[in-house]
Each structure stands twice: as C-alpha cells, then as structure tokens.
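Line by line, the protein sequences give chains E and R.
Counting from 1, one number per residue, gives the positions in the first sequence under the working numbering.
Counting from 1, one number per residue, gives the positions in the second sequence under the working numbering.
Structure, as structure tokens:
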Amino acid sequence: MKLHDPLTRYVVRLGDDALIMGHRLSEWMSRAPFLEEDIALSNVALDFVGRARLFYQYAADLMGGEVTENTFAYQRDVRDFTNLLLCELPRGDFAFTLCRQFLYDAYSLPFTQALCKSADSQLAAIAAKAEKESRYHLRRSRDWMLRLGDGTAESHERCQDALDQLWIYTDEMFECDALLDGLIAAGIAVNTEGLRSEWLDTVTETLHAATLVIPEAQGNVTGGREGIHTDDLGFLLAEMQFMQRAYPGLQW
Amino acid sequence: MGDIWELLDSVMDPEIPVISLYELGVLQDIRRDGDAVKLVLTPTYIGCPALGIMEEDARAALTAGGYHQVIVETRLAPAWTTAWLTPEARRKMTAYGVASPQEGGIACPQCGSVNTEVISEFGSTACKSLFRCVACHEPFDVFKAI
Ligand SMILES: [Zn+2]
Chain E
1 MKLHDPLTRY VVRLGDDALI MGHRLSEWMS RAPFLEEDIA LSNVALDFVG RARLFYQYAA
61 DLMGGEVTEN TFAYQRDVRD FTNLLLCELP RGDFAFTLCR QFLYDAYSLP FTQALCKSAD
121 SQLAAIAAKA EKESRYHLRR SRDWMLRLGD GTAESHERCQ DALDQLWIYT DEMFECDALL
181 DGLIAAGIAV NTEGLRSEWL DTVTETLHAA TLVIPEAQGN VTGGREGIHT DDLGFLLAEM
241 QFMQRAYPGL QW
Chain R
1 MGDIWELLDS VMDPEIPVIS LYELGVLQDI RRDGDAVKLV LTPTYIGCPA LGIMEEDARA
61 ALTAGGYHQV IVETRLAPAW TTAWLTPEAR RKMTAYGVAS PQEGGIACPQ CGSVNTEVIS
121 EFGSTACKSL FRCVACHEPF DVFKAI
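Dropping the structure here:
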C-alpha cells in the first residue's frame, strides 16, 4: 500500500506508533505482576489503540473510497508500517516494558501538547484528547522508574539493563525527514527536533531521582520511518493480522 | 413518536448506569433534518470502548420511539472534560459508589471521609482510578479528572 499525500502519510505514521505501542502493551494482559498493574497496562494499551483508531479513521477520510481504519491496521505489510522502532521492540521483562514506556511517555506528552497547535484542526482535536491521557501515562511510568530504579538490587539492575538496551532507539523520536520538513513549514507537523531538550530534562531528572544513570551514547538505530524494521515487527503483525488475513473482512 | 429528549434521557452510560449520556456530557447536540434525527456525541476517553455501546443504545431508544433514521456524528473538539459533569450527575455517581474529583479532596462514597489514598491511577475502566478509604477501609472507584 503506497501512500503519496504528505498529510495522509504523517497521520498514518502517528497511527502506526500508537497501534504498535498499544499492541505491545496489550500482550501483558493477564501476565502482569499483580492485578492492579494488569488493569493499568491494559488501560494504557486501550488509550494507545484508541489513539491509533482516530488517526487511521482520519487517514481513511482523507483517502476516501473503500479504505477504513482496519485497512491500515490489518492489510499492510511490514514495510508499509512507519512506526518508531522503539515501539515495536518485544515487551521483554516488566522493567523493560516500563522503561520503554517512560522514555516514550516523556516524549509523547510534549509531542501531543505541540500537536494541539497544529494548523490541521482534526490533528489538533485528536491531540487535545491524547494530551490529557499522556499526563496520566507519564506520571505512572515515572513512578515506576522510581520504584524499580530505587528499589531492590535486582529491580535496579534490570531497570538499568533495560535503559542501556533501549537508549540507541530513542534518537529516532526526534529525527526529522523530508516529509516532516514540508509539514512543519506548513504548521501541520510537530518539529520533533525541538522536543529533544525537554525530553532529556525529564529523563535526566527522573533517572537521577531513581538512582539510575543515563546510558552512554553508542550510536543510534533508526529506519522505522522508512519501513525498515527489526525482525520483531513481522512476528507482531503475523499475530495481530492473522484473523483478517485468513478471513478477509471478518466481523465479530 | 416520542419526545426525543425524553427518549434519550433513558439512555445511560453503560459503565455507570445511573447517569444519562446527556448528564455525562457525551450527548452534545440533537438536530432534526426532515425525518432524520442527528445526534452529536463526543467520547470521554479516546480508548473508551463504551462509546460504541452508547451509540447503539441511543439508536435503539430512538428506533423504539418511532425514529427510524438516526445519524450519529462523533465530535472531538472541544475535548470532553470532567468539568462538564453536572452537580446532579456527581450526586448520582457518588450514590452509585463512584466518587468524582472535587475541591477539598476525594470523599469516600461509603462514609464520606476525605482521608483516602490512591491504589492505582488506572481502575476498572478507562475513566476511573482505584482508591481506598483510610477511615473505613473500603476500596472504591474515582472518576478521573481530565
Ligand atoms: Zn470510607
């Protein structure tokens, strides 16, 4: 599925981040360490899947014709997805999932705040709703960083290990490409490069309070925005898309 | 044909079935267009799976009242906020066992004490947090302030 219109490509990109993040979180359902946390992870997963639906519905409206939100979720191949690699990494242990979530939430809050000011009124409306939820998400994932980082020797070690593994994937959040440059100039897209210092402040403050250290930079891994993914996304899609691939158009 | 407002007053939030879609602030507008009735709904939380149920329930109530052409439009802006809950809706929610955020802290729906603490920011549904009353030890849901 090739998309050409810049606005549609941007909207789908935002939908992809939300869907893949939401799916990874949903994998914890019935597997979390205790009941309240199981509910919390499922709730956050629902927020992200709900966000993806709004972006995909908007993209479908922009394209017209037979395309629906489901077309984007279920009928595209791995190379068509343009989500951040950070979102697709396997869920790992609980520390890995929460560290990923914290690093993303610390980005997602200023991102949705900036998107509220988009010249595109539908994107601004979606962002205004998402921003309220992002506040909750960040407060929760920050609390977990403090509990795990400043917890037992084992929770501290697992948390630091997770951060060390995740760090090379964080730079991609701030990357700007030709698509973004054009839409930033039009006042539609968020200039993500401009969010970097606020993100780093939040992360530095929290990691310090959690007795964790900022990993040393060892280069960056990117490619998600161009559809170049880790092997893991293919497995995720194989599971998520199975029913619609096996029985196209299936309805519950 | 029944009165549209009266018919819709019977459509309750599926999660808190004592407050109507209007009291919740989800039902934003009703318009007549010839034989058709147009409803404007706004979601509370993006991830709230109840919005689809609310839409179905509103359609069913209107169909039963003789309106067979119902158009539902979803409106996102302005974004829904807990501030839209009427005092009457808050009173009904508290009586149902769900506290709502207000000045002076969060009061236990069982005993009224404001000596309460959070168990989890995320409760049984997207719109609720889970709290515990320190005075009477009862856990209870709180409608999240957004
Ligand atoms: Zn009490």
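Ideal Cβ placement from N, Cα and C applies to all residues, glycine included.
Nearest Cα to residue 77(R) within the set 67(E), 41(E), 126(E), 38(E): 126(E).
Going by C-alpha positions, residue 104(R) is about 8 Å away from residue 114(R).
Listed by position in the chain, the residues whose beta carbon lies within less than 6 Å of some heavy atom of ligand 1 are 108(R), 110(R), 111(R), 113(R), 133(R), 135(R), 136(R), 138(R).
Cα atoms of residue 190(E) and residue 130(E): separation of roughly 15 Å, rounded to the nearest angstrom. Beyond the five residues adjoining it in sequence on each side, residue 31(R) comes within less than 6 Å, by CB distance, of 38 in the same chain, given in chain order.
In the three-state scheme derived from DSSP, where H, G and I count as helix and E and B as strand, residue 133(R) is classed as strand. Note on geometry: alpha-carbon atoms of residue 23(E) and residue 233(E) lie some 11 Å from one another.
In the DSSP secondary-structure assignment, residue 71(R) is bridged to 38(R). The three-state secondary structure of residue 120(R), taken from DSSP, is strand.
Between residue 222(E) and residue 164(E), the beta carbon gap of about 18 Å keeps them out of contact (Cβ cut-off 8 Å).
Taking all protein chains in view, the Cβ of residue 149(E) is crowded by 16 or more other Cβ atoms within 10 Å, so the residue is classified as buried. Residue 41(E) and residue 120(R) have their C-alpha atoms some 11 Å from each other. For residue 83(R), the closest Cβ of chain E is not nearer than 7 Å. Interface annotation, residue 140(R): not in contact with chain E, CB-CB separation never under 7 Å.
Note on geometry: alpha-carbon atoms of residue 108(E) and residue 66(R) lie some 46 Å from one another.
Of all residues in the stretch 121-134 of chain E, those with a C-beta nearer than 8 Å to a C-beta of chain R are 121, 122, 124, 125, 126, 128, 129, 130, 132, 133, reading in chain order. Annotation: residue 121(E) to residue 128(E) spans about 10 Å, alpha carbon to alpha carbon. Residue 167(E) is classed as buried because its beta carbon has at least 16 other beta carbons within 10 Å across all chains shown.
For residue 145(R), same chain residues with a beta-carbon under 6 Å away, outside a window of 5 residues either side, are 82, 101 in chain order. Linking residue 70(E) to residue 107(R) through their CA atoms gives a straight-line distance of about 43 Å.
Spatial neighbours of residue 105(E) in its own chain (CB-CB distance under 7 Å, excluding positions within 5 residues in sequence) are listed in chain order as 134, 137, 138, 141. Taking CB atoms only, residue 79(R) has a neighbour in chain E less than 7 Å away. Between the beta-carbon of residue 40(R) and that of residue 75(R) there is about 5 Å, and that keeps the pair under the 8 Å contact cut. Against residue 47(E), the close residues of chain R are 45, 46, 47, 126, in the order they occur along the chain (beta-carbon pairs closer than 8 Å).
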